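Residue numbers for the sequence shown follow the working numbering, beginning at 296 and rising by one.
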Amino acid sequence: MSTGTRHTAYGYRYPELGTWNPLNEYLCSMIAVDKTLISDDILNVRFICDLEKCHGACCVEGDAGAPLDEEEISILEDNIDAVKPYMVQDGIEVIEKNGVFDYDMFGHFVTPLVHDRECAFVYFEDGTAFCAIEKAYREGLIPFTKPISCHLYPIRISGYKEFEALNYHEWPICDQALKKGKVNNVPLYIFLKDALIRKYGKEWYEKLLLTIEKG
Ligand code: SF4
Numbered sequence: 296m297s298t299g300t301r302h303t304a305y306g307y308r309y310p311e312l313g314t315w316n317p318l319n320e321y322l323c324s325m326i327a328v329d330k331t332l333i334s335d336d337i338l339n340v341r342f343i344c345d346l347e348k349c350h351g352a353c354c355v356e357g358d359a360g361a362p363l364d365e366e367e368i369s370i371l372e373d374n375i376d377a378v379k380p381y382m383v384q385d386g387i388e389v390i391e392k393n394g395v396f397d398y399d400m401f402g403h404f405v406t407p408l409v410h411d412r413e414c415a416f417v418y419f420e421d422g423t424a425f426c427a428i429e430k431a432y433r434e435g436l437i438p439f440t441k442p443i444s445c446h447l448y449p450i451r452i453s454g455y456k457e458f459e460a461l462n463y464h465e466w467p468i469c470d471q472a473l474k475k476g477k478v479n480n481v482p483l484y485i486f487l488k489d490a491l492i493r494k495y496g497k498e499w500y501e502k503l504l505l506t507i508e509k510g
């Protein structure tokens, strides 16, 4: 769940990126569904976003914008005129100057930032960050809710030749979400049901539930 666009906190989660191999993290503890490997964290971590406490910090903090799929760039380009009225002026200027996407330190597509901080698509209401793309979607103006990486956060997907790996991205700004999730006993794969179905489909999600039930 999210208000909007997710940043990537490389500095926090992956301090030793030079030698770090994400495969080590998955292969020691994961389940397989079709061509996906799912970290046990996604079954075990309890999580519910608590916007009143975090104020949508994931749209503001971090070292890079939210990951974008290539096809999402075209969708954003096609719909940007409907999104702009909900964006702040600085965000509009960044988009008009540089386009709807940028590159992270690995050359992957990400949303652009304003002043190297918040996502260009962020706007604020009473000090809480929200997503202008999602706002335009909720107003019925565009067919696209928001980048899938934002929808799936704090699950991050890494693509490999034969499979995709789904991992929990732990970030202290979400600590209150862990508390709320624990109180309500909601695991990540339930909290993010809609986003997971959007990404992989209903059949995949039902297989995930069956695999979890079988233990
Ligand atoms: S709890 Fe974390 S992921 Fe959820 S809105 Fe807050 S900062 Fe973003």
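Ideal Cβ placement from N, Cα and C applies to all residues, glycine included. Fair warning: this is a prediction, and the values are worked out from it, not measured in the lab.
Give the secondary structure of residue i by DSSP, where H, G and I count as helix, E and B as strand, and everything else as coil.
i	result
residue 359	strand
residue 505	helix
residue 436	coil
residue 316	Reliability of the predicted coordinates at residue 316 is poor, the pLDDT of 46 falling under 50, and no value is obtained from them.
residue 449	coil
residue 467	helix
residue 442	coil
Run through the DSSP bridge pairs and tell me what residue i is partnered with.
i	result
residue 454	459
residue 397	405
residue 325	334
residue 412	For residue 412, which the question treats as bridged, DSSP gives no partner whatsoever.
residue 418	425
residue 493	In DSSP, residue 493 forms no bridge with anything.
residue 482	341
Going by Cα to Cα distance, which pick from the options is closest to residue i?
i	options	result
residue 348	376, 471, 502, 500	471
residue 331	502, 363, 425	502
residue 352	426, 434, 460	426
residue 392	401, 399, 408	408
residue 484	340, 324, 435	340
residue 478	329, 344, 464	344
residue 414	432, 388, 434	388
residue 405	505, 335, 475, 358	358
residue 381	433, 325, 496, 480	433
residue 442	329, 429, 475	429
Round the Cβ separation of residue i and residue j to the nearest angstrom and send it over; I've been treating them as touching at under 8 Å.
i	j	result
residue 342	residue 486	5 Å
residue 362	residue 403	6 Å
residue 394	residue 416	Not quite, the Cβ-Cβ distance comes to about 13 Å (not below 8 Å), so this is no contact.
residue 370	residue 461	Incorrect: roughly 23 Å between the Cβ atoms, too far for contact.
residue 507	residue 500	Not confirmed; about 11 Å, so no contact.
Closer than 8 Å: is that where the CB of residue i sits relative to any heavy atom of ligand 3?
i	result
residue 499	Inclusion of ligand 3 in the displayed structure is not the case, the ligand content consisting of ligand 1 alone.
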